[in-house]
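Take the sequence shown: its letter number 60 is residue 444 in my numbering, and every next letter is one higher.
Let me begin by presenting the structure, written as structure tokens, before commenting on it.
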Amino acid sequence: MKQYVIVGRADCMYCSRAVGLIRDKGGVVSYYSLNDSKWVLDLFNKASIKTVPQIWDIEGNYIGGYQELEKQLEGV
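As structure tokens, then:
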């Protein structure tokens with residue numbers, strides 16, 4: 385069972401879709417919202433990250449956004 389970390393926002397349609405896609409494929413999601421996690425928001429600001437979702441696998445490999453996740457999971 386593959387595990388993922390997603391950072392998103394409450395009003396982000398693609399964040400919700402990413403969570404749903406991972407769960408549909410049998411994966412597990414740890415989700416951090418910029419709305420609720422000040423430390424995550426601070427990290428995003430320091431790294432100049434502007435878009436969500438931002439997705440990593442549990443091993444720390446950066447996947448990207450929703451479209452990159454979708455491409456990666458096509459064959460799963």
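Even for Gly, the Cβ is constructed at its ideal location relative to N, Cα and C.
7 Å Cβ shell around L453 - same chain, five flanking residues per side excluded: A402, L405, I439 and I447
Can you say whether G410 is buried or exposed, counting buried as having 16 or more other CB atoms within 10 angstroms of its CB? exposed
Under a Cβ-count criterion, where at least 16 other Cβ atoms within 10 Å of its own Cβ denotes burial, should G392 be classed as buried or exposed? buried
Any idea which residues DSSP pairs Q387 with across the strands? V412
Return the bridge partner residues of D441 from the DSSP annotation. Y388
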